[in-house]
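In our numbering, the protein residues as written are 26 to 230. Remarks on the structure that follows.
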Ligand SMILES: Nc1nc2c(ncn2[C@@H]2O[C@H](COP(=O)(O)OP(=O)(O)OP(=O)(O)O)[C@@H](O)[C@H]2O)c(=O)[nH]1
Ligand SMILES: [Mg+2]
């Protein structure tokens, strides 16, 4: 046990994976530019997330649309990485993707081996999600849509949103404010419940 006179370094304990964990799965957190992926990984992760943020500069004007994203100063250029131990035996490794089209080769690499994906959608810009939803379908990665609710987001009936996103009936549409840790956790629980109900994931007690 460390004491005041101990020569051991003080500070927070390292975030080792609990020894009870027997399995780990990879979950992709994806969506278009600025939809809240990095924020969601940060809200969920029990370790300090790995981030690869770069400052948005004047060079991005006309490319990176910041309308409705007041306060956004950085963008992910490689990935976000976080971890959450869902129960004592299972850890989820969370991989947040970059959002911009120009990083698609990275997206392809990051998505490899993912058991499932949370596809964040900003309903103020539904069309921006088409490409990523199409990629998830092509790669047969089971996913749930998670609407990140911004204060000025219009509220659409689920069937309208489903039609607008051209979703298959078995794709759940969930809602969340990704900045809120409790809401983010509830979202994850619903998502994992979906993976279980479709037999993609089996949880042992
Ligand atoms: N009002 C509001 N703002 C949010 C919400 N979620 C995220 N934001 C803000 O919106 C911006 C986008 O968040 P990020 O997490 O960087 O988005 P991202 O999807 O990782 O962005 P890229 O990596 O650049 O594609 C940030 O400024 C957040 O603070 C939300 O639910 N409501
Ligand atoms: Mg990001």
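C-beta: ideal position from N, C-alpha, C; glycine also.
Closer than 7 Å: residue i CB and nearest ligand 1 heavy atom
{"i": "residue 202", "result": "yes"}
{"i": "residue 4", "result": "Coverage of the chain is limited to positions 26 through 230, which leaves residue 4 absent and any answer about it impossible."}
{"i": "residue 206", "result": "no"}
{"i": "residue 176", "result": "yes"}
{"i": "residue 173", "result": "yes"}
{"i": "residue 60", "result": "yes"}
{"i": "residue 123", "result": "yes"}
Residue i versus residue j - alpha carbon distance
{"i": "residue 101", "j": "residue 185", "result": "31 Å"}
{"i": "residue 150", "j": "residue 45", "result": "42 Å"}
{"i": "residue 223", "j": "residue 166", "result": "12 Å"}
{"i": "residue 193", "j": "residue 158", "result": "11 Å"}
{"i": "residue 117", "j": "residue 53", "result": "10 Å"}
{"i": "residue 83", "j": "residue 89", "result": "10 Å"}
Environment of residue i [buried if 16+ CB atoms lie within 10 Å]
{"i": "residue 214", "result": "exposed"}
{"i": "residue 206", "result": "exposed"}
{"i": "residue 27", "result": "Only weak support exists for where residue 27 lies, its pLDDT of 42 falling under 50; the value from the coordinates is given anyway. Label assigned to residue 27: exposed."}
{"i": "residue 152", "result": "exposed"}
{"i": "residue 179", "result": "exposed"}
DSSP state of residue i mapped onto helix, strand, coil
{"i": "residue 100", "result": "strand"}
{"i": "residue 207", "result": "helix"}
{"i": "residue 147", "result": "coil"}
{"i": "residue 25", "result": "Because the chain in this structure spans residues 26 to 230, residue 25 falls outside the shown range and cannot be described."}
{"i": "residue 170", "result": "strand"}
Nearest residue (CA-CA) to residue i, options the options
{"i": "residue 42", "options": "93, 108 and 66", "result": "108"}
{"i": "residue 95", "options": "63, 59 and 203", "result": "59"}
{"i": "residue 48", "options": "114, 203, 204 and 218", "result": "114"}
{"i": "residue 99", "options": "91, 111 and 81", "result": "81"}
Any non-hydrogen atom of ligand 2 closer than 7 Å to residue i Cβ
{"i": "residue 147", "result": "no"}
{"i": "residue 93", "result": "no"}
{"i": "residue 101", "result": "yes"}
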